[in-house]
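Take a look at the structure set out below.
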Amino acid sequence: MDQFFEAVAPGTRFVASIGDTTPPNADFSRLEYIGERIAKEGSLPLSAGAYRPVSAETLEQARAAATGEAPAEQTLVVEEAFARITEDVLEGDEEQILEDAQALLDQGISASDILNKGMLPAMDLIGTRFTDGTVFIPEVLLSARAMNEGITLLEPHLVDAGAGGTGKVVIGTVLGDLHDIGKNMVVSMLKGVGHQVIDLGANVEVEQFIDAVRDEKPDVLGLSALLTTTMPQIKDVIEGLEKTQLRHTVKIIIGGAPVNQKFADDAGADGYAQDAGDAVALTKKLLAT
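Quick note, the sequence shown lines up with residues 29 to 317 if you use our numbering.
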């Protein structure tokens, strides 16, 4: 032990740290010798503070403060609130979604989080259920209406959060097509990540798209078609932009249930988005080129 002290404490002072428990396999003779050595050498008039038991809650608060994360209990409450938002959309409850979304906004939860973690997962699930035949058009429409109510509430907050966004997007559903559920989801997500979005709505004529590109000078044009009978309108818009020498001024992305990458390539679009998430990622990619 004397050699140990000479090796680890060549100076005149060392710190003895005492734990509140001793392992059962500890060599007590060494512990006794350390005590004797301290008694022989003397000690500074210093001592540790009083015993202060720390609760699990205190430790969790300290962890949250150090990491910048919300306490686990608070995180659980917020996750449960997101789950309620999802359920509101699934049930098509237009009144309840407004109440639940407003409660989250009042707690300081961002509109984009409410959208991305509460509403959009519900619409993805509805889409899956519709595809496998477990829900039908009436249920989809009810969910879409609830979703739109929630978006109406969140939209001013999404716009505020998106001030100074990175790009301008013009978007619309082509002529002859009145479906806008998917298009509205894309609009909401693009706003949520900070883009300026000009929504032309549904059943938009070729000339309206051309005028919007000319007047608004967007970075990206989004074209949506949910019917096979309206898909040719996408080509008509792109050809119209070529004829007016505006095609080179804008990137074009297309989407919709019957649309695929091959059709996008054939139509002369710059990209194809399978869903709202893809549309956001594709927009980001095109803006970077």
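Here a beta-carbon is modelled for each residue, glycine too, at the ideal position from N, C-alpha and C.
| message | Going by DSSP, what residue range makes up the alpha helix (DSSP H) through D205? | response | In the sequence shown, the residue the question calls residue 205 occupies position 177. Element bounds for D205: n/a, residue is neither H nor E.
| task | Would you be able to state if there are at least three C-beta pairs under 8 Å between the segment 133-145 and the segment 104-113? | result | With a cut-off of 8 Å, the segment 133-145 and the segment 104-113 count as touching, because enough Cβ pairs lie within range.
| So which of G210, E183, P286, Q289 has the shortest CA-CA distance to S171? | Along the sequence shown, read from residue 1 onward, the residue named residue 171 stands at position 143. Among G210, E183, P286, Q289, the Cα nearest to that of S171 is on G210.
| request: Report buried or exposed for L206, applying the criterion of at least 16 other Cβ atoms within 10 angstroms of its Cβ. | output: Walking along the sequence shown from the start, residue 206 turns up at place 178. Burial check for L206: the Cβ neighbour count within 10 Å stays below 16, so the residue is exposed.
| query | Could you give the residue range of the beta strand (DSSP E) that holds A301? | reply | Within the sequence shown, the letter at position 273 stands for residue 301. Run containing A301: 299-301, per the beta strand (DSSP E) assignment.
| query | Relative to the C-alpha of L228, which residue among A316, V221, L203 is closest? | reply | Here the question's residue 228 lines up with position 200 in the sequence shown. When each option's Cα is compared against that of L228, the closest is L203.
| request: Give me the Cα-Cα distance between K196 and N144, rounded to the nearest whole angstrom. | output: Here residue 196 is taken as the residue at index 168 of the sequence shown, counted from 1. Here residue 144 is taken as the residue at index 116 of the sequence shown, counted from 1. The alpha-carbon of K196 is positioned some 21 Å away from that of N144.
| Contact belief for M213 with G178 at Cβ below 8 Å, rounded distance in angstroms | For the purposes of this step, residue 213 is taken as the residue at position 185 of the sequence shown. For the purposes of this step, residue 178 is taken as the residue at position 150 of the sequence shown. Rounded to whole angstroms, the Cβ separation of M213 and G178 is 11 Å, and the two are not in contact under 8 Å.
| field | Segments assigned beta strand (DSSP E), at least 3 residues, entirely inside the segment 196-257 | value | If we require 3 residues or more, the beta strand (DSSP E) runs fully inside the segment 196-257 come out as 196-201, 224-227, 248-252.
| query | Identify the residues that DSSP records as bridge partners of G283: which are they? | reply | Indexing the sequence shown from 1 puts residue 283 at position 255. In the DSSP output, where bridge partners are listed per residue, G283 has S252, A301.
| task | Figure out for me which residue from E119, P149, G120, L169 has the closest Cα to the Cα of F110. | result | For the purposes of this step, residue 110 is identified with residue 82 of the sequence shown, where counting begins at 1. The shortest Cα separation from F110 among E119, P149, G120, L169 belongs to P149.
| said: Taking the alpha-carbon of G155 as reference, which of E123, I142, L118, L182 has the nearest alpha-carbon? | reply: Here residue 155 is taken as the residue at index 127 of the sequence shown, counted from 1. A check of alpha carbon separations from G155 across E123, I142, L118, L182 identifies L118 as the nearest.
| message | Distance check for T272 and M217, CA to CA, integer angstroms please. | response | Indexing the sequence shown from 1 puts residue 217 at position 189. Indexing the sequence shown from 1 puts residue 272 at position 244. The alpha-carbon atoms of M217 and T272 are separated by roughly 30 Å.
| Straight-line gap, L255 to A285 (C-alpha atoms, nearest Å) | The residue given as residue 255 occupies position 227 in the sequence shown. The residue given as residue 285 occupies position 257 in the sequence shown. So the two alpha carbons sit approximately 7 Å from each other.
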